[in-house]
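One line per chain: the protein sequences are A and B, in this order.
So the first sequence is residues 235 to 660, counted in my numbering.
So the second sequence is residues 235 to 660, counted in my numbering.
Even glycine gets a Cβ: it sits at the ideal position worked out from N, Cα and C.
Remember, predicted model here, so these are calculated numbers, not experimental data.
There are 2 protein chains.
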Amino acid sequence: MFQSKLFGKTLRDPPKDEQSINARLLVQAGYVEKLMAGVYSFLPLGLRVLNKIENIIREEINVIGGQELLLPALHPREAWEQTGRWETVDDLYKLTDSSGRDFALGATHEEIITPLAKRDISSYRDLPLALYQFQTKFRMELRAKSGLLRGREFMMKDLYSFHVNEEDFNAYYKKVADAYKKIFNRTGIGERTVFTFASGGTFSKYSHEFQTLTSAGEDTIYLCEHCGVAVNGEIIDEQKVCPECGRPKDDLKIEKAIEVGNIFPLKTKFSEPFKLTYKDEKGEDRPVLMGCYGIGLGRVTGTIVEVHHDKEGICWPSAVAPYQVHLVRLSDEPEIVKQANALYEKINKLGLDVLYDDRDASAGVKLKDADLIGLPLRLVVSDKTVKDGVYELKERMSSRARVVKDIIGEIDKYKTFINQPIGKTL
Amino acid sequence: MFQSKLFGKTLRDPPKDEQSINARLLVQAGYVEKLMAGVYSFLPLGLRVLNKIENIIREEINVIGGQELLLPALHPREAWEQTGRWETVDDLYKLTDSSGRDFALGATHEEIITPLAKRDISSYRDLPLALYQFQTKFRMELRAKSGLLRGREFMMKDLYSFHVNEEDFNAYYKKVADAYKKIFNRTGIGERTVFTFASGGTFSKYSHEFQTLTSAGEDTIYLCEHCGVAVNGEIIDEQKVCPECGRPKDDLKIEKAIEVGNIFPLKTKFSEPFKLTYKDEKGEDRPVLMGCYGIGLGRVTGTIVEVHHDKEGICWPSAVAPYQVHLVRLSDEPEIVKQANALYEKINKLGLDVLYDDRDASAGVKLKDADLIGLPLRLVVSDKTVKDGVYELKERMSSRARVVKDIIGEIDKYKTFINQPIGKTL
């Protein structure tokens, strides 16, 4: 991509109306634009990041047998009345059409997927089943002030699973937890992300969250450094000890964290009101057990930025960077332009995504923008490098540039870091 | 994909609450499920079709320089008041949050993209610009009864272009028209789709539609068989003659058709209220000229089915079929299962998408379902074919099956039909 053509110019200064680091950097660097609090447009760079995260999630959920579908955002009031949640869910957007019919905007999709699953589930032979989607959710957050971390409208991966019994459910629940670990590793926040015990609601003892440690977090968790698990602050008073080793609350470390994913045993909470049952081997009707599993893609994007940035800008992990290579041309001399253009073609042919800064701007502006945008590998072509027959290569996370001769060899080596194995623990 | 695991079983009968052919077939075959009139869930098979159409559109719009982004569905009332359309657009869903703030659900995105474009457009050097998205639209259709042809919620490709003058706009408008032709050719409805003159609103003489001829169409068009273009019935009385050759209305043929795409010169309709201007070479402020270009993906899906079906079921064109090959195994004998499984692996390795009917069902049910689902190539493995060392191959559009020996050679030949060239007139 030629940067001179790219929609989403960098801004000289961070936006004044954003407090969070993720929104300040993502807006300034041209990834997103705020339409209103909690509602963002994803510009081409931002959409590329979102798509890369989506694809990592898709690959890992497919490995554990998830089937992708797409459910509507517009829900009939009747579906939410069936579960009693029309009145009880505070953040549900509601609307009425001109014929007087009421709708909710989907904040989550149990009310839709449960009756839909009845279409195919009648016997134990139809189970287990796992269905997921990438779909836009709407939640009435009146105080959305954390950039992409808490949206009124946001893209979510929601997975729902259906089982004959607890044993089958538990085995799948563990599979999803493992898939989530791989997803957060691949997106570059695995090291800071902790498996956390949270409230299971009325139907289960616990649900579980994946909490990423950062001062930007809105959640408080109690981390057991011995076990590497945590307890959500919301249940610490009733929980009192680490659920793994029994260490008391006072031995746990209080941390701020962002909930990047959650997994939730629903048991029969939704199958009962919708009468989702199956016939067992004896022909007897039994309720289907369910689980639900969410990851907010915008929130993961914001979390990556909170975790991976420095004072100059964003530092994208390779697998989620919008482009892997930032080719920066520091001269408009015809010979330099020719060499830079040729290099751009070559790197594209290697199968790497390249952003090519061909803009009419000063070296200072270009290098500053490269740090702000934060692609993993910066490659400078200038009068001096061409004269010396070399290239200047700098990793975003490294403090200094290297001079290299065999640029294609170097870039090719780098390729192995982005072609991540699917379904493997990194 | 193993059909025994696929979510979205075929139904014995078409749904009683659907009148349109597209909905009756798509629901019965397990592609979509109706949540309410005009609102459908896309099951795995249906989502695969939608994604294939989306990808064809993306490829062709990228060729003409479109940059993909993603805009929100939740719009502030103020944006729609700026253009006066808060009150005048009848099919706008409106809602109010608990703090009393009003929102519209995006029925189209001029009100969002025009102010967003101001972010990057200040000089003539920033133009032309073309931005597009695949995004869910909401329209309050009180009488949605045509299945996927008219949705209250539907996925749309909307492209917006920005220009310095009429000449530049006209050149791009023509490029989009050409790209649309390629898109409709590639999705298999090109031969039945006619370039149609329609109302240009208050700002332009004409807009243009791509109308697919079918009795299921809700639009009436006047087709000039001499020129191969048409006039929308809505403007025929003022238009009177074929705009290309001047033949009078009476010489034009009245046809029913579905509007699968439209292209619309907006001129300064939106740039004026949002004060989207650029500085020309002399430093003077001038209004930006705009165009907008839409394709509804669900409507294209429904149209393909209306055009390509027979009394047994759907007949998907290769490029949009959810799977290209339907491998149907008509025996549970271990040797047959072994051979069918091996063939399934081989075809997958060739890079073709295969749906493998491994279900415990009768030959009659399986062959009937294969016709209903409508994949382009049916491949039967049975006791008899294995005994004879052959395979039975049937194209969905052909009335009879062929017996072949070199199945891999046959399938490989077939591959060239689905790998369509991008940006080329077929």
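Next item on the list: Output yes if chain B places a C-beta closer than 8 Å to the C-beta of VAL273 (chain A); else output no.
Entry: Sequence index remark: in the first sequence, residue 273 (chain A) carries index 39 (1-based). Closer than 8 Å: yes.
Notebook entry, point to check: Under 8 Å, do THR244 (chain B) and ALA263 (chain B) count as touching if we go by C-beta distance?
Noted result: Translated into positions along the second sequence, residue 244 (chain B) becomes position 10. Translated into positions along the second sequence, residue 263 (chain B) becomes position 29. Contact flag set, yes.
Item checked: For ALA364 (chain A), the nearest candidate out of A:SER356, A:ASP354, A:LEU393, A:VAL559 (CA to CA) -> Taking the first residue of the first sequence as position 1, residue 364 (chain A) is located at position 130. Per the Cα distances, A:LEU393.
Notebook entry, point to check: Under a CB-based cut-off of 8 Å, is ALA198 (chain A) close to chain B?
Noted result: In the structure as shown, chain A begins at 235 and stops at 660. Residue 198 (chain A) is therefore absent and cannot be evaluated.
Next item on the list: Could you work out which residue in A:SER565, A:TYR648, A:PHE437, A:GLU579 is closest to LYS621 (chain A) when comparing CA atoms only?
Entry: As a working mapping, residue 621 (chain A) is identified with position 387 in the first sequence. Cα-wise, what sits closest to LYS621 (chain A) is A:SER565.
Next item on the list: Indicate the three-state DSSP secondary structure (helix, strand or coil) for SER552 (chain A) in the structure shown.
Entry: Mapped onto the first sequence, residue 552 (chain A) falls at position 318. In the structure shown, SER552 (chain A) sits in a helix (DSSP, three-state: H, G or I).
Check: Should PHE236 (chain A) be labelled buried (16 or more other beta-carbon atoms within 10 Å of its own) or exposed?
Finding: In the first sequence, residue 236 (chain A) corresponds to position 2, counting from 1. It counts as exposed.
Notebook entry, point to check: Using the C-alpha atoms, what's the distance from ILE642 (chain A) back to GLN573 (chain A)?
Noted result: Counting from one through the first sequence, the residue named residue 573 (chain A) turns up at place 339. Counting from one through the first sequence, the residue named residue 642 (chain A) turns up at place 408. So the two alpha carbons sit approximately 13 Å from each other.
Next item on the list: Give a yes or no on whether 8 Å exceeds the smallest Cβ distance from GLU472 (chain A) to chain B.
Entry: Sequence index remark: in the first sequence, residue 472 (chain A) carries index 238 (1-based). So, not an interface residue.
Margin query: In this structure, how does DSSP classify ASP617 (chain B) when only helix, strand and coil are distinguished?
Written below: Here the question's residue 617 (chain B) lines up with position 383 in the second sequence. Helix.
Next item on the list: Given a cut-off of 8 Å, decide if LEU284 (chain A) and SER275 (chain A) are closer than it, judged by their beta-carbon atoms.
Entry: The residue labelled residue 275 (chain A) in the question sits at position 41 within the first sequence. The residue labelled residue 284 (chain A) in the question sits at position 50 within the first sequence. No, they are not a contact pair.
Next item on the list: Answer yes or no: does any C-beta atom of chain B fall closer than 8 Å to that of ARG533 (chain A)?
Entry: Taking the first sequence and counting its residues from 1, the one referred to as residue 533 (chain A) is at position 299. No, ARG533 (chain A) does not count as interfacial toward chain B.
Check: Which word fits GLN253 (chain A), buried or exposed, when buried means at least 16 other C-beta atoms lie within 10 angstroms of its C-beta?
Finding: The residue labelled residue 253 (chain A) in the question sits at position 19 within the first sequence. Counting Cβ neighbours within 10 Å, GLN253 (chain A) comes out exposed, since fewer than 16 surround it.
Check: At which residues does the alpha helix (DSSP H) containing ALA338 (chain B) begin and terminate?
Finding: The sequence position of residue 338 (chain B) within the second sequence is 104, counting from 1. Taken as a continuous stretch (DSSP letters only), ALA338 (chain B) belongs to no alpha helix (DSSP H), being part of the beta strand (DSSP E) at 336–339.
Next item on the list: Could you name the residues that DSSP lists as bridge partners for HIS542 (chain A)?
Entry: Looking up residue 542 (chain A) in the first sequence gives position 308. Answer is none; HIS542 (chain A) lacks a bridge partner.
Check: Counting Cβ pairs closer than 8 Å, one from the region 308–315 of chain B and one from the region 325–344 of chain B, do we hit at least three?
Finding: yes
Next item on the list: Check the Cβ-Cβ distances between ASP354 (chain B) and every residue of chain A, and say whether any is below 8 Å.
Entry: The residue you call residue 354 (chain B) lines up with position 120 of the second sequence. Taking Cβ atoms only, chain A reaches closer than 8 Å to ASP354 (chain B), which makes this a yes.
Next item on the list: Tell me, please, whether the CB atom of GLN301 (chain A) is closer than 8 Å to any CB atom in chain B?
Entry: Translated into the one-based positions of the first sequence, residue 301 (chain A) becomes position 67. Yes, GLN301 (chain A) lies at the interface with chain B (some Cβ there is under 8 Å from its Cβ).
Check: Bridge partners of SER333 (chain B), per DSSP?
Finding: Counting from 1 along the second sequence, the entry for residue 333 (chain B) is found at position 99. Per DSSP, none; premise fails for SER333 (chain B).
Note to self: Can you tell me whether SER357 (chain B) is buried or exposed? The criterion is at least 16 other CB atoms within 10 Å of its CB, across all chains shown.
What the structure shows: Working through the second sequence from its first residue, we reach residue 357 (chain B) at position 123. By the neighbour-count rule (16 or more Cβ atoms within 10 Å), SER357 (chain B) is not buried but exposed.
Check: Under a Cβ-count criterion, where at least 16 other Cβ atoms within 10 Å of its own Cβ denotes burial, should LEU376 (chain A) be classed as buried or exposed?
Finding: Against the first sequence, residue 376 (chain A) aligns to sequence position 142. With fewer than 16 Cβ atoms within 10 Å of its Cβ, LEU376 (chain A) is classed as exposed.
Note to self: Let me confirm a value: PRO556 (chain A) is counted as buried when at least 16 other C-beta atoms fall within 10 Å, else exposed. Which label applies?
What the structure shows: By 1-based counting over the first sequence, the position of residue 556 (chain A) is 322. Burial call: buried.
Margin query: Give me the subset of the region 329–354 of chain B whose CB atoms are less than 7 Å from a CB atom of chain A, sorted by chain position.
Written below: LEU329, ASP331, SER332, SER333, ILE346, LEU350, ARG353, ASP354
Note to self: Quick check on DSSP: helix, strand or coil for GLY547 (chain A)?
What the structure shows: By one-based count along the first sequence, residue 547 (chain A) stands at place 313. Strand at GLY547 (chain A).
Next item on the list: Within the region 239–280 of chain B, note down every full alpha helix (DSSP H) run reaching 4 residues or more, in order along the chain.
Entry: 255–262
Item checked: CB contact flag (VAL562 (chain B), ASP544 (chain B), <8 Å) -> In the second sequence, residue 562 (chain B) corresponds to position 328, counting from 1. In the second sequence, residue 544 (chain B) corresponds to position 310, counting from 1. Taking 8 Å as the Cβ cut-off, VAL562 (chain B) and ASP544 (chain B) do not qualify as a contacting pair.
Note to self: Let's see if you can read the secondary structure: which residues bound the alpha helix (DSSP H) around TYR578 (chain B)?
What the structure shows: Position 344 of the second sequence, counting from 1, holds the residue named residue 578 (chain B). TYR578 (chain B) -> alpha helix (DSSP H) spans 568–583.
Item checked: Sequence-distant residues of the same chain with beta carbon closer than 7 Å to THR454 (chain B), five excluded per side -> The residue labelled residue 454 (chain B) in the question sits at position 220 within the second sequence. Excluding sequence neighbours, THR454 (chain B) sits near GLY467, ILE488, LYS490.
Next item on the list: Could you check which residue in A:GLN558, A:ARG319, A:TRP320 has the C-alpha nearest to that of TYR578 (chain A)?
Entry: As a first step, residue 578 (chain A) is located in the first sequence; it is residue number 344 there, counting from the start. Among A:GLN558, A:ARG319, A:TRP320, the Cα nearest to that of TYR578 (chain A) is on A:GLN558.
Notebook entry, point to check: Going by other Cβ atoms of all chains shown within 10 Å of its Cβ, with 16 needed for buried, is VAL615 (chain B) buried or exposed?
Noted result: Numbered from its first residue, the second sequence carries residue 615 (chain B) at position 381. With 16 or more other Cβ atoms within 10 Å, it is buried.
Checklist line | Residue ranges of each alpha helix (DSSP H) within the region 462–532 of chain B, 4 or longer | finding: 470–473
Next item on the list: Might you give, ordered along the chain, the residues of its own chain that have their beta carbon closer than 6 Å to the beta carbon of GLY272 (chain A), omitting 5 neighbours on each side?
Entry: Translated into the one-based positions of the first sequence, residue 272 (chain A) becomes position 38. GLU375, ALA378, GLY385, ARG386.
Next item on the list: Establish whether the CB of MET270 (chain B) and some CB of chain A are separated by less than 8 Å.
Entry: Counting from one through the second sequence, the residue named residue 270 (chain B) turns up at place 36. Closer than 8 Å: yes.
Note to self: Suppose contacts are defined by Cβ-Cβ distances below 8 Å. Is ILE492 (chain B) in contact with GLN445 (chain B) by that definition?
What the structure shows: As a first step, residue 492 (chain B) is located in the second sequence; it is residue number 258 there, counting from the start. As a first step, residue 445 (chain B) is located in the second sequence; it is residue number 211 there, counting from the start. Yes, the Cβ-Cβ distance between ILE492 (chain B) and GLN445 (chain B) is below 8 Å.
Margin query: Less than 8 Å between the C-beta atoms of TYR327 (chain A) and PHE388 (chain A), yes or no?
Written below: As a working mapping, residue 327 (chain A) is identified with position 93 in the first sequence. As a working mapping, residue 388 (chain A) is identified with position 154 in the first sequence. Cβ distance not < 8 Å, so TYR327 (chain A) and PHE388 (chain A) don't count as in contact.
Notebook entry, point to check: Does PHE211 (chain B) come within less than 8 Å of chain A when only Cβ atoms are used?
Noted result: Because residue 211 (chain B) is not part of the residues shown, which for chain B are 235 to 660, the question remains open.
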